[in-house]
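Accompanying notes for the structure given below.
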Amino acid sequence: MKVLVATEKPFAAVAVDGIRKVIEEAGYELELLEKYTDKKDLLAAVANADGLIIRSDKVDAEVLDAAKQLKVVVRAGAGYDNVDLEAATAHNVCVENTPGQNSNAVAELVFGMAVMAVRNMYDGTSGTELKDKNIGIHAFGQVGRNVARIAKGFGMEVSALDPYCPDEVIVAAGVTPVHSVEELYKNNRFVSLHIPATAETKKSVGYDLITLLPKNGVLINTARKEVIDEEGLAKALRERTDIKYVADIKPDSADALKEEFGNRVFFTPKKMGAQTSEANINAGIAAAHQVVAFLRDGINKFQENK
Numbered sequence: 000m001k002v003l004v005a006t007e008k009p010f011a012a013v014a015v016d017g018i019r020k021v022i023e024e025a026g027y028e029l030e031l032l033e034k035y036t037d038k039k040d041l042l043a044a045v046a047n048a049d050g051l052i053i054r055s056d057k058v059d060a061e062v063l064d065a066a067k068q069l070k071v072v073v074r075a076g077a078g079y080d081n082v083d084l085e086a087a088t089a090h091n092v093c094v095e096n097t098p099g100q101n102s103n104a105v106a107e108l109v110f111g112m113a114v115m116a117v118r119n120m121y122d123g124t125s126g127t128e129l130k131d132k133n134i135g136i137h138a139f140g141q142v143g144r145n146v147a148r149i150a151k152g153f154g155m156e157v158s159a160l161d162p163y164c165p166d167e168v169i170v171a172a173g174v175t176p177v178h179s180v181e182e183l184y185k186n187n188r189f190v191s192l193h194i195p196a197t198a199e200t201k202k203s204v205g206y207d208l209i210t211l212l213p214k215n216g217v218l219i220n221t222a223r224k225e226v227i228d229e230e231g232l233a234k235a236l237r238e239r240t241d242i243k244y245v246a247d248i249k250p251d252s253a254d255a256l257k258e259e260f261g262n263r264v265f266f267t268p269k270k271m272g273a274q275t276s277e278a279n280i281n282a283g284i285a286a287a288h289q290v291v292a293f294l295r296d297g298i299n300k301f302q303e304n305k
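All residue numbers for the sequence shown refer to numbering that gives the first Met the number 0, where the first residue is 0 and numbers rise by one.
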C-alpha cells in the first residue's frame, strides 16, 4: 500500500522523517508531493494512493474521483473544512483530523495577539495589562482549554461557552460556564473565538455580538474567517471606537479594514496558529499513526464523516 503526503506548505524536515519512519515501519510505501502549484500534480499523485496526509490542501470531489484506491484522508490539524466530507463519504473514504496536536501553539498565539492589542500594537503609547481582566472562550475544545490554562497564568478571570461540552468539564478546568452567546460577549473584555466554520456558525459573529463587548473590548479570532460577518464587524468598529479586532485569519476585506481602522485591527499574513516546529511535528506524526491504524486495523477514532 502507498501513503501520499501532499503538502503545498511542506512539513518540517524532521516531521517528514518521523512520518516516513511510521509509514515504512508499517510496511507501506511513502510518496511526497511538496510545494506543488498545480492541482494536476495532486490528481496524478493521488491516483494510486491508499492513504493521504494533507495540511491545508483541498480535497474535493475531483481529487476523490482521481483517487481510485484511496481509503483514508488525514488532515494534520484540527480543522477539516478543506475536505469535502460528503464527497468523501460517497467515495467510501474515511476523513480524519488530528485534534489537540496544534492546540497549544494556537492558544499561545491568542495571547501573543492579546498582549499586542492591549499594548496598542507596540506604538509607544501606554497600554494595559491582562491581569484581572475577563476573557470569554467561545467553544471549549482542545484549543479553548489551552487558552483557559494560559489565561489563568496571566491572572485572568475565565468563562466559556460551549453547548456541546458539559458544565462539569468546564468547571473542572477552573472555568465558569456561560449559557448564552450574548452573555459571553457582554461580560468579557476579551473574547477568544474557537468555533468551526459550519452552516450554523458562518457569519454568526457580527455587529450585534461585537457591540456587546465591554469598553475597550478585544475580539481575537484564531478560528476561521468565515465565522465573522465582515460588514457587521466594520460597522461595529466604526461605532465603537474603543473595540479592537485581531485575527490569525486575514479577512476578505482586510485592506479596507486596515485602511479605515489602522492599528485597531491586526491580521497575520497567513494562518499562523499551527506554525510552530512542535505543532508541525506533532500533527504530522499523529497523522501518520492514524493512517496506519486505519489501513492496518480499521481504527477510525477521529473520523469526521460518519
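Ideal Cβ positions, reconstructed from N, Cα and C, are used throughout, including at glycine.
C-beta contact flag for residue i and residue j at 8 Å
i	j	result
I149	A104	no
D40	L32	yes
Y27	E7	no
A65	L3	no
H193	A138	yes
V72	G135	no
K58	D37	Just to set this straight, residue 58 is Val in the shown sequence, not Lys. It is not a contact, given that the beta carbons lie outside the stated cut-off.
L63	A87	yes
S203	V226	yes
R239	T210	yes
R295	A113	no
G205	L183	no
D56	A5	yes
E229	P250	yes
For residue i, three-class secondary structure by DSSP
i	result
L160	strand
A106	helix
F301	coil
A308	The structure shown does not extend to residue 308, since the chain is modelled only from 0 to 305, so the question has no answer here.
A11	coil
K257	helix
A273	coil
Alpha carbon of residue i to alpha carbon of residue j, nearest angstrom
i	j	result
A147	R188	15 Å
E128	Q302	41 Å
N186	Q68	52 Å
A286	M271	19 Å
K243	V157	19 Å
N304	A89	10 Å
G283	I53	9 Å
S179	A292	39 Å
L208	N101	28 Å
A77	G140	10 Å
A60	K1	21 Å
R118	V142	24 Å
E23	V264	46 Å
P9	K214	42 Å
Residue i, buried or exposed, once every other Cβ within 10 Å from all chains shown has been counted against 16
i	result
A222	buried
N96	buried
N145	buried
8 Å Cβ cutoff, residue i in contact with chain B
i	result
H137	In the structure shown, chain B does not exist; there is a single protein chain.
Legend entry - Inside the stretch 20-102 only - beta strand (DSSP E) runs reaching at least 3 residues: 28-33, 50-53, 71-74 and 93-96
Inset, instruction - For the stretch 199-251, list the alpha helix (DSSP H) runs that are entirely contained and at least 4 residues long, ordered along the chain. - result: Counting whole runs of 4 or more residues, the stretch 199-251 contains the alpha helix (DSSP H) stretches 206-209 and 229-238.
Inset, instruction - Quick one: which unbroken alpha helix (DSSP H) runs of 4-plus residues sit fully inside the stretch 121-179? Chain order, please. - result: 141-152 and 166-171
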